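Asks: Right, I'll just put the structure down here and ask away after.
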Amino acid sequence: MNRLTSRALVLLIALATAGLAGVARAQPVDGEVTKVDKVQHRITLRHGPIKNLDMPAMSMTFRLADPSWAERYKVGDKVRFEADKVDGYFVLTKLDRLP
Ligand SMILES: [Cu+2]
5 MNRLTSRALV LLIALATAGL AGVARAQPVD GEVTKVDKVQ HRITLRHGPI
55 KNLDMPAMSM TFRLADPSWA ERYKVGDKVR FEADKVDGYF VLTKLDRLP
């Protein structure tokens with residue numbers, strides 16, 4: 005393999021890898037807290053489209069990566085979050101309150 009071909013191949017592999025990772029990686033999404041369940045540690049959000057979960061805007065309930073979020077967030081909070089599917093459940097993996 006000549007040098008140019010091998011460099012092109014490396015670039016192609018890098019692009020393909022980045023593309024695959026991009027599909028699966030969670031991205032920040034904006035939402036609003038509409039319900040907090042402090043007993044079961046769930047938060048319901050009205051949220052925008054979640055690309056990594058192939059999900060349109062909707063209202064739905066999430067499990068929490070950090071149960072203490074159920075104490076720290078309240079109805080009406082505007083949030084920016086990341087979500088993933090873990091063991092068949094939709095889970096908030098990152099959660100921040102927007103000003
Ligand atoms: Cu949803």
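Counting in the working numbering, the sequence shown runs from 5 upward without gaps.
Here a beta-carbon is modelled for each residue, glycine too, at the ideal position from N, C-alpha and C.
In this text the structure is predicted, and so the values were computed from the model without any measurement.
(1) To the nearest angstrom, how far is it from the Cα of L74 to the Cα of A61?
(2) Please look up how many angstroms separate the CB atoms of L99 and V83, rounded, as I've assumed it's under 8 Å.
(3) Taking 5 Å as the limit, tell me which residues put their C-beta closer than that to any heavy atom of ligand 1, in chain order.
(4) Would you kindly work out how many angstroms separate the C-alpha atoms of A30 and K55, rounded to a whole number?
(5) Assuming contact is defined by CB atoms lying nearer than 7 Å, are R101 and D70 in contact in what I supplied?
(6) Assuming R76 and R46 form a contact by the criterion Cβ under 8 Å, report the distance between their Cβ atoms to the nearest whole angstrom.
Replies: On the basis of the supplied data:
(1) By 1-based counting over the sequence shown, the position of residue 74 is 70. By 1-based counting over the sequence shown, the position of residue 61 is 57. One point to set straight first is that residue 74 is Ala, not Leu, in the sequence displayed. One C-alpha to the other measures close to 22 Å.
(2) On the sequence shown, position 95 is the one that residue 99 refers to. On the sequence shown, position 79 is the one that residue 83 refers to. With a Cβ gap of about 6 Å, L99 and V83 count as contacting.
(3) Chain-ordered list of matching residues: M59, M62, M64.
(4) Working through the sequence shown from its first residue, we reach residue 30 at position 26. Working through the sequence shown from its first residue, we reach residue 55 at position 51. Per the coordinates, the alpha-carbon of A30 lies some 8 Å from the alpha-carbon of K55.
(5) Position 97 of the sequence shown, counted from the first residue, corresponds to residue 101. Position 66 of the sequence shown, counted from the first residue, corresponds to residue 70. Between R101 and D70, the C-beta gap is not smaller than 7 Å, which leaves the two residues out of contact.
(6) Indexing the sequence shown from 1 puts residue 76 at position 72. Indexing the sequence shown from 1 puts residue 46 at position 42. With 8 Å as the limit, R76 and R46 do not qualify as a contact, their Cβ atoms being about 14 Å apart.
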